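Numbering (our numbering), first residue to last: 1070 to 1350.
Just so you know, even glycine gets a beta-carbon here, dropped at the ideal spot from N, CA and C.
In this text the structure is predicted, and so the values were computed from the model without any measurement.
Okay, structure first, notes after.
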Amino acid sequence: MNDVLSASAMSRREPLPGYKLLTRHNGLVFYGLAAASFLETAIPMHARVLVNVFSGEPDTRRWIEENWWRTKYGHGIEARTYIEATWPEFDWAGAYAAFETAYRPLVGAHREADCAAAKALACGVAAAQASAFYRALGAAADDPELRSRLYRMGDGEAAHFTRFRELFSRMERTKHMGLLATYRTIVACARRARDVHVRLAHARLGASYWYGSVPFPEIDYAEFVQRMGRVVRRHVSLDPAQRLLFRAWWQARELQSATRPVVPQARNFAGRHSISARLSP
């Protein structure tokens, strides 16, 4: 009898609130949040690199180990939890495993990894971009709970930016990177975020990682970059220096849209939990 009542109750499950339904069908929010969840979950790899780069800065090392990576990794957990509750048919664990395999060899592979001042600058650029990205994504979100979370994440990244900016300013007084080298580092980091990091994450969000149909029209990468660039421009107040960080996103027409892959056979939803359990990080 209890089983019958339970089945009956499930069949009469209350409909989702309107903002939850809107969120489920908001492809831009899904792609942005899922890409962020991958990049933040991978942050321990970056922490290991930074601890080595800043070996001569004990206070910075301690902050990275005790604050920075834990905060960002926590953002990744929050994003994953929200994704799995809102889009349960998306195989987050399987998609992340594929992303991590492609992403791991790239961590620490750039030339600023050997220069503490340049690395501090690169981290500041990444934090400034992430702060604006989270705030823009929050403005695009229909769910007030998600919006609040994203704004909070944006505030956290703003605090990280302040810390890395202070570190770079102090180091630059003795290292003297020079204006041109500083400019080139900023532009290279901004483009790398667009052309490598976020792109790798986006490539693991397509139909092949869903059990059943995707609840919104798929967005190819060039379109995603263009739309996020417009959202940032519309909802985030940027000073001239910050606008430099997003110039690459506003010049997205130069991106070559990848040919949309043939949609594979939908996954068997019944096998989701065993696969996810096996691949969970």
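- Rounded to the nearest whole angstrom, the CA to CA distance from valine 1283 to serine 1277 is 10 Å.
- When secondary structure is reduced to three states using DSSP, tryptophan 1156 falls in the coil class, being assigned neither helix nor strand.
- Taking every protein chain shown into account, the CB of glutamate 1135 has fewer than 16 other CB atoms within 10 angstroms, so this residue is exposed.
- Among the bridge pairs identified by DSSP, tryptophan 1279 is matched with Phe1159.
- The residue among Phe1237, Glu1287, Leu1175 with its C-alpha nearest the C-alpha of histidine 1271 is Glu1287.
- About 5 Å separates the beta carbons of alanine 1171 and leucine 1269, which is inside the 8 Å limit, making them a contact pair.
- Taken atom to atom, the span from the alpha-carbon of alanine 1187 to that of arginine 1130 is near 16 Å.
- For glutamate 1235, the enclosing alpha helix (DSSP H) stretches over residues 1213 to 1244.
- In this structure, leucine 1190 lies near isoleucine 1255, with their beta-carbon atoms less than 8 Å apart.
- Secondary structure at leucine 1269: helix, using DSSP grouped into helix, strand and coil.
- Under the three-state reduction of DSSP, asparagine 1121 is assigned to helix.
- Assigned with DSSP and collapsed to three states, cysteine 1192 falls in helix.
- Distance between histidine 1229 and histidine 1266, taken at the CA atoms: about 19 Å.
- Residue nearest to threonine 1140 within the set Met1114, Tyr1088, Met1222 is Met1222 (criterion: CA-CA distance).
- The C-alpha of alanine 1196 lies about 23 Å from the C-alpha of glutamate 1292.
- Comparing C-alpha distances from glycine 1281 to each of Trp1156, Cys1258, Arg1173 shows the shortest one belongs to Trp1156.
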